[in-house]
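Residue numbers (this note's numbering): 25 to 86.
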């Protein structure tokens with residue numbers, strides 16, 4: 025989850041779709057429930073697309 029990027033968020037915070045970095049062989053698609061939506065909005069202040077990573081765990085390398 026620390027590598028989750030804004031481009032992995034689909035629609036209007038409807039789903040997370042990503043390929044796991046370690047195995048790179050399976051596509052995951054996870055429905056975003058209301059509690060998760062609140063967390064995503066809190067950490068990104070509603071600007072998911074502008075941040076390199078969804079959760080502020082890793083440093084921003086631009």
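All C-beta atoms, glycine included, are put in the ideal place defined by N, C-alpha and C.
Rank the options by C-alpha distance to the C-alpha of residue i and give the top, closest one.
{"i": "residue 36", "options": "49, 55, 43 and 77", "result": "55"}
{"i": "residue 51", "options": "40, 59, 26 and 60", "result": "40"}
{"i": "residue 59", "options": "53, 38, 81 and 76", "result": "38"}
To the nearest angstrom, how far is the alpha carbon of residue i from that of residue j?
{"i": "residue 64", "j": "residue 79", "result": "8 angstroms"}
{"i": "residue 66", "j": "residue 45", "result": "25 angstroms"}
{"i": "residue 62", "j": "residue 48", "result": "28 angstroms"}
{"i": "residue 43", "j": "residue 25", "result": "11 angstroms"}
{"i": "residue 32", "j": "residue 68", "result": "14 angstroms"}
For the beta strand (DSSP E) holding residue i, just list the boundary residues, first then last.
{"i": "residue 55", "result": "51 to 55"}
{"i": "residue 48", "result": "Careful: residue 48 lies outside any beta strand (DSSP E) and carries neither H nor E."}
If I measure Cβ to Cβ from residue i and keep anything under 6 angstroms in the same chain, skipping five residues before and after, which residues do I get?
{"i": "residue 34", "result": "41"}
Taking the alpha helix (DSSP H) that residue i belongs to, which residues open and close that run?
{"i": "residue 61", "result": "58 to 68"}
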